[in-house]
Amino acid sequence: MRKRFVIARAKAGMSRADFQRYWAEEHGPLAAGMPGYWDFTERYIQNHTLNVPALGVPVSEYDGVMETWLRENHGHKERLFAETPAYMEYIRPDEANFINPEGCTVMEADTNVIIDGPREGYKMLSFMRRRPDLTHEEFVEHYRTIHAGIVLASQQIMSYIPRYVQHYVVPGTQKQFGTAGEGELPQFDAIKELWFRSLEDIETMFATEDYKTKLNPNEPNFILLGGSTRLMVKEVEITPASAK
179 MRKRFVIARA KAGMSRADFQ RYWAEEHGPL AAGMPGYWDF TERYIQNHTL NVPALGVPVS
239 EYDGVMETWL RENHGHKERL FAETPAYMEY IRPDEANFIN PEGCTVMEAD TNVIIDGPRE
299 GYKMLSFMRR RPDLTHEEFV EHYRTIHAGI VLASQQIMSY IPRYVQHYVV PGTQKQFGTA
359 GEGELPQFDA IKELWFRSLE DIETMFATED YKTKLNPNEP NFILLGGSTR LMVKEVEITP
419 ASAK
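Residue numbers (the numbering used here): 179 to 422.
Now the structure itself:
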């Protein structure tokens, strides 16, 4: 399954709460009511950043992540809804009401469900970069086989993660809305999606012996340490019924 992710910041002077309210109550319903939107989009989830740190990592500067499941063979000449006249005339202008384009980035990714559990509790998204001496393909292969294999072999780790999904960024699809302020935004190679039943389970899982002696030591073998962006988020789903 191919997905589209957009990491977004609130426009200058807008609070995170106001950004998320406008996104969920105004912008999302506007998109949901656009003719043809659901021809292109199978599912639309807004990931609202929570104001809680994740394992000592400060709360992200990003205020949310749009996550859409893309339909294929939809019969339109455009490949994405973002390429249609309806998007350019109605949706794009409305983005200026709540999004700061500087630093926002969009990418597509292919999905691989490692643990197919419920979407319940707390969701963590990590946008990851590869070690510079590895190709994107080498990074993905290591992540998909070796790293996931360590997780699946550990009952200790799996007992705290009801759902685990790997998303592999498709090379050439990451684009920027603006600049990051200090040069180009980093190019991500994968998006890790982990679910936890509670905040306590997050701390406990990362303190397990298997994580400390098996999973964590493997990360430097393929991940650029310090190069990830991590967010704790709450899902808000937009459906056809959300349309105004």
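We put the CB at the ideal spot given by N, CA and C, even for glycine.
Original post:
Just curious, the beta strand (DSSP E) that Asp288 is in, first and last residue?
Top reply: Ile277 to Ile293
**OP:** Counting only the same chain and skipping the five closest in sequence on each side, list residues whose C-beta sits under 6 Å from that of Gln365.
**Re:** Gln352
Original post:
Are Ser406 and Tyr300 touching if we call contact CB-CB under 8 Å?
Top reply: no
**OP:** Indicate whether Ser238 and Thr227 have their beta-carbon atoms separated by less than 8 Å.
**Re:** yes
Subject >> Simplified DSSP assignment, three categories, for Val235 >> reply: strand
Subject >> Endpoints, the beta strand (DSSP E) within which Gln435 is located >> reply: Because the chain in this structure spans residues 179 to 422, residue 435 falls outside the shown range and cannot be described.
Original post:
In this structure, does DSSP put Ala260 in helix, strand or coil?
Top reply: helix
**OP:** Quick one: using the 10 Å Cβ neighbour count with 16 as the cut-off for buried, is Glu286 buried or exposed?
**Re:** buried
Original post:
So what's Glu250 in DSSP terms, helix, strand or just coil?
Top reply: coil
Original post:
Pick from Tyr338, Leu330 and Arg322: whose alpha carbon is nearest that of His345?
Top reply: Arg322
Original post:
Starting from Thr417 and walking both ways along the beta strand (DSSP E), at which residues does that stretch end?
Top reply: Here Thr417 belongs to no beta strand (DSSP E), and DSSP marks it neither H nor E.
**OP:** For Tyr342, name the three-state secondary structure that DSSP assigns.
**Re:** strand
Original post:
What separation, rounded to the nearest whole angstrom, lies between the Cα atoms of Leu258 and Ala202?
Top reply: 21 Å
Subject >> Cβ shell of Phe384 (< 6 Å), same chain only, five flanking positions each side left out >> reply: Leu233
Original post:
Would Ile223 pass as a contact of Ile293 if the rule is Cβ separation under 8 Å?
Top reply: no
Original post:
Looking only at DSSP bridge pairs, what is Val243 linked to?
Top reply: Ile185 and Asn225
Subject >> Leu403 (DSSP reduced to helix, strand or coil) >> reply: coil
Original post:
If we count the other Cβ atoms within 10 Å of its Cβ and call it buried at 16 or more, is Ala274 buried or exposed?
Top reply: exposed
Original post:
With a Cβ-Cβ cutoff of 8 Å, do Glu387 and Gln334 count as a contact?
Top reply: yes
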